[in-house]
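In this note's numbering, the protein residues as written are 6 to 464. No residue lacks a Cβ here, since even glycine has one placed at the ideal position from N, Cα and C. Let me begin by presenting the structure, written as structure tokens, before commenting on it.
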């Protein structure tokens, strides 16, 4: 579909699209604080409560590319509404779950439907907004993503503590239902259908091969460290390589014979797209910072859970404000805006490492704000950098690719940086050892962000 410049409802439509952006990350973060109450009420084991988080994360990461492609083929409005309906059903299953098994099944469905819903907002922004408005629309996209990440755990704590109508932890899932009830009629009213002009067929064998390969790669990374790397994690990781290679060869053959693959491998032969996806991968190393920062706050500074949650707020404020600065910086730096935001993050991370070693935690809000500002500034610019590399008819695929790359990056770097941190500061480590481990791990994240900035700076 061509850019819809004259549609006066596109900014109202954006509100609906951003609902699809808000819910997937919100439902990842909001559950964390509810886990103790879930364990008590459902008599769940530690493994069960871990699966409540990891099943959602794995299903979301594995299905994102498929979700983006579904929108390209069947229409982004139709797929968004279908994803919302599925997400609402999954939320009801989770909120009414009588047992850990039902809750985990609901979270699996939530992850899949979130991945079907999520890419449609980014692809639709690319399709319906003219070039001179895309930066502003993507800034709102970035701010929404940041708001979900920052407010998720806070909202979860409020809902569980308030115990509305005696629902307790169930309210963190059931709160999605009124949002979905309002969003679906608004989507029907405000959104125009947009899809690829060429009608492709869904590549089901390719989707199954990709899901198997990504699941074999992502799930062990999520579960491995917590379970001390059991043999099945290693086997799955090894198995992921031939599965992904088989998927790549299958897609190449399908495209070369004139059929419609799930992923057009010719797109990934573009140096620009490969470079911007590599930048997205190194960029999201920051996901591991939240893990090590929480341990540093509680282990080295002896802060409680509430104080630890409040300590990250400067980063959240920066994250929220960053996207609003992105369009202004884009007028100055153009496509290098993402790199500029990442450079700010590197400065903030290195400053945080120095303050940790020097034992001056009272100054940490300053680098945290800088990190958040850079992150919020870089996200919309990085997303546009990726999506602009492809033809508009593949915008859903591009949205799925960049979103999946970010999620896979999060799993990889939580495993790598978390492994480095806990190797340097094992259980029972002193405050000084935790401080040093935090500084080294934070510097490693900074190096990764520096690589991402270099990749984005090149034209």
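Measuring straight from C-alpha to C-alpha, what distance separates residue i and residue j?
{"i": "residue 283", "j": "residue 46", "result": "43 Å"}
{"i": "residue 34", "j": "residue 157", "result": "5 Å"}
{"i": "residue 84", "j": "residue 207", "result": "13 Å"}
{"i": "residue 117", "j": "residue 60", "result": "10 Å"}
{"i": "residue 270", "j": "residue 287", "result": "22 Å"}
{"i": "residue 419", "j": "residue 290", "result": "8 Å"}
{"i": "residue 250", "j": "residue 209", "result": "17 Å"}
{"i": "residue 226", "j": "residue 364", "result": "32 Å"}
{"i": "residue 21", "j": "residue 189", "result": "8 Å"}
{"i": "residue 115", "j": "residue 308", "result": "33 Å"}
{"i": "residue 301", "j": "residue 360", "result": "12 Å"}
{"i": "residue 444", "j": "residue 58", "result": "27 Å"}
{"i": "residue 90", "j": "residue 73", "result": "17 Å"}
{"i": "residue 179", "j": "residue 38", "result": "15 Å"}
{"i": "residue 30", "j": "residue 109", "result": "17 Å"}
{"i": "residue 433", "j": "residue 163", "result": "32 Å"}
{"i": "residue 88", "j": "residue 367", "result": "44 Å"}
{"i": "residue 243", "j": "residue 253", "result": "16 Å"}
{"i": "residue 70", "j": "residue 126", "result": "14 Å"}
{"i": "residue 77", "j": "residue 264", "result": "15 Å"}
{"i": "residue 274", "j": "residue 136", "result": "25 Å"}
Leaving out five residues on either side along the sequence, give the residues of the same chain with a beta carbon under 7 Å from the beta carbon of residue i.
{"i": "residue 298", "result": "317"}
{"i": "residue 93", "result": "181, 182 and 185"}
{"i": "residue 17", "result": "195"}
Nearest to residue i by alpha carbon, out of the options?
{"i": "residue 441", "options": "114, 355, 394 and 78", "result": "355"}
{"i": "residue 26", "options": "124, 18 and 38", "result": "124"}
{"i": "residue 327", "options": "145, 82, 133 and 430", "result": "145"}
{"i": "residue 475", "options": "342, 329 and 306", "result": "Residue coverage of the chain in this structure runs from 6 to 464, which leaves residue 475 outside it and unanswerable."}
{"i": "residue 153", "options": "321, 414, 357 and 382", "result": "321"}
{"i": "residue 215", "options": "240, 197, 248 and 378", "result": "248"}
{"i": "residue 119", "options": "63, 136 and 102", "result": "63"}
{"i": "residue 350", "options": "448, 405 and 75", "result": "448"}
{"i": "residue 222", "options": "151, 231 and 239", "result": "239"}
{"i": "residue 129", "options": "275, 415, 417 and 389", "result": "389"}
{"i": "residue 369", "options": "20, 407, 193 and 315", "result": "315"}
{"i": "residue 278", "options": "151, 38 and 394", "result": "394"}
{"i": "residue 24", "options": "396, 149 and 386", "result": "149"}
{"i": "residue 347", "options": "331, 379 and 336", "result": "379"}
{"i": "residue 424", "options": "234, 79 and 65", "result": "234"}
{"i": "residue 450", "options": "330, 415, 237 and 87", "result": "415"}
{"i": "residue 79", "options": "274, 205 and 168", "result": "205"}
{"i": "residue 147", "options": "396, 398 and 383", "result": "383"}
{"i": "residue 32", "options": "371, 429, 161 and 417", "result": "161"}
{"i": "residue 246", "options": "217, 405 and 51", "result": "217"}
{"i": "residue 143", "options": "373, 385, 304 and 454", "result": "385"}
Can you name, in chain order, every residue of its own chain whose Cβ lies under 6 Å from the Cβ of residue i, other than the five neighbours on each side?
{"i": "residue 460", "result": "280, 283 and 284"}
{"i": "residue 452", "result": "none"}
{"i": "residue 6", "result": "Model confidence at residue 6 stands at a pLDDT of 41, short of 50, so the residue's coordinates are unreliable; what they give is reported in the following sentence. Cβ neighbours of residue 6 beyond the five flanking positions: 132 and 199."}
{"i": "residue 341", "result": "462"}
{"i": "residue 219", "result": "67"}
{"i": "residue 9", "result": "Because the pLDDT of residue 9 is 43, which lies under 50, any placement of that residue in the model is unreliable, and the number read from its coordinates should be weighed accordingly. Answer for residue 9: 133, listed in chain order."}
{"i": "residue 266", "result": "208, 211, 256, 259 and 260"}
{"i": "residue 28", "result": "none"}
{"i": "residue 40", "result": "54"}
Thinking residue i and residue j are a contact (beta carbons under 8 Å), I'd like their distance in whole angstroms, please.
{"i": "residue 392", "j": "residue 409", "result": "The Cβ separation is near 13 Å, so there is no contact."}
{"i": "residue 111", "j": "residue 175", "result": "With 8 Å as the limit, residue 111 and residue 175 do not qualify as a contact, their Cβ atoms being about 11 Å apart."}
{"i": "residue 387", "j": "residue 343", "result": "4 Å"}
{"i": "residue 107", "j": "residue 121", "result": "21 Å between Cβ atoms; not a contact."}
{"i": "residue 334", "j": "residue 345", "result": "6 Å"}
{"i": "residue 331", "j": "residue 140", "result": "7 Å"}
What span of residues does the alpha helix (DSSP H) with residue i cover, start to end?
{"i": "residue 350", "result": "342-362"}
{"i": "residue 233", "result": "It is not in any alpha helix (DSSP H) - residue 233 carries neither H nor E in the DSSP assignment."}
{"i": "residue 412", "result": "400-429"}
{"i": "residue 437", "result": "436-462"}
{"i": "residue 264", "result": "Taken as a continuous stretch (DSSP letters only), residue 264 belongs to no alpha helix (DSSP H), as it is neither H nor E."}
{"i": "residue 47", "result": "40-47"}
{"i": "residue 112", "result": "105-133"}
{"i": "residue 67", "result": "51-79"}
{"i": "residue 380", "result": "370-392"}
{"i": "residue 395", "result": "Where residue 395 is concerned, there is no enclosing alpha helix (DSSP H), given that its DSSP letter is neither H nor E."}
{"i": "residue 21", "result": "15-34"}
{"i": "residue 293", "result": "292-300"}
{"i": "residue 5", "result": "Because residue 5 is not part of the residues shown, which for the chain are 6 to 464, the question remains open."}
Using a Cβ-Cβ cut-off of 8 Å (strictly less than) and excluding sequence neighbours within five positions of residue i, which residues of its own chain qualify?
{"i": "residue 42", "result": "165, 173 and 174"}
{"i": "residue 376", "result": "291, 294, 320, 323, 349, 350, 353, 354 and 357"}
{"i": "residue 55", "result": "228 and 231"}
{"i": "residue 86", "result": "189, 192 and 193"}
{"i": "residue 296", "result": "419, 422, 423 and 426"}
{"i": "residue 104", "result": "47"}
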